[in-house]
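Quick note on our numbering: the sequence shown kicks off at 1 and runs consecutively. Where is the CB? At the ideal position from N, CA and C, for every residue including glycine. Note that the structure is predicted; figures quoted are calculated from it, not measured.
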Amino acid sequence: MSNMEKTLSIVKPDAVERNLEGEIKEIFKNNGFQIIKEKKIQIEKSEAEKFYKVHETKPFYNDLCGYLSSGPIIVMILQKANAVKENRELMGATNPKDAHDGTIRKKYGISIDKNSVHGSDSVDNAKIEIDFFFKD
Ligand code: CMP
């Protein structure tokens, strides 16, 4: 049974700055993800605050929003069976020091803030996050 899903992926400023966009996209493709849409953008801090609203009560919220808006990012819609879960597994733990070998954050992440990629954490949030960046 196929359970084709879409999820939102972001290549964060630390990875774009190190020119890792191409390598990270290859990892997604080699793991069976189709990149349905993608764009390179830089967002305002106020937009980052909307995007990360679920974290607004967290102590790291302000820095997180400052960081996501600090430089260009690549936003992508990824498609695969069980894409949300598969992407989270491929990204690895939020904190790169806890991420397993073979994951994107283990390979490229610098710190919990500069962890190179974001991925939607549920099917419901994937819809919300895809709409946020790709509502035409
Ligand atoms: P991301 O998957 O983009 O979702 C929220 C981000 O907050 C997370 O990746 C981390 O980069 C960042 N962050 C910073 N501090 C923390 C923390 N203590 N716990 C979870 N996420 C954190």
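Give the DSSP bridge partners of residue i, in chain order.
i, result
"T7", "L78"
"G119", "S9"
According to DSSP, simplified to helix, strand and coil, what is residue i?
i, result
"E38", "strand"
"I43", "coil"
"G66", "helix"
"H55", "helix"
"G22", "helix"
"I73", "strand"
By the 10 Å Cβ neighbour count, where 16 or more other Cβ atoms means buried, how is residue i classified, buried or exposed?
i, result
"N19", "exposed"
"E129", "buried"
"P59", "exposed"
"K135", "exposed"
"T103", "buried"
"S2", "exposed"
"G109", "buried"
"H100", "exposed"
Any heavy atom of the ligand ATP inside 6 Å of the beta-carbon of residue i?
i, result
"N115", "This structure lacks the ligand ATP; the ligands present are the ligand CMP."
Could you round the C-beta distance between residue i and residue j to whole angstroms and report it? I think they count as a contact, below 8 Å.
i, j, result
"F28", "I35", "7 Å"
"F51", "F132", "6 Å"
"I74", "E21", "5 Å"
"I106", "P96", "The displayed chain sequence assigns Lys, not Ile, to residue 106. Indeed, because the Cβ distance is near 6 Å, the residues count as touching under 8 Å."
Is the stretch 38 to 53 in contact with the stretch 86 to 105, if contact means three or more CB pairs nearer than 8 Å? no
May I ask you to verify whether the stretch 111 to 121 touches the stretch 1 to 18, counting CB pairs closer than 8 Å and requiring at least 3? yes
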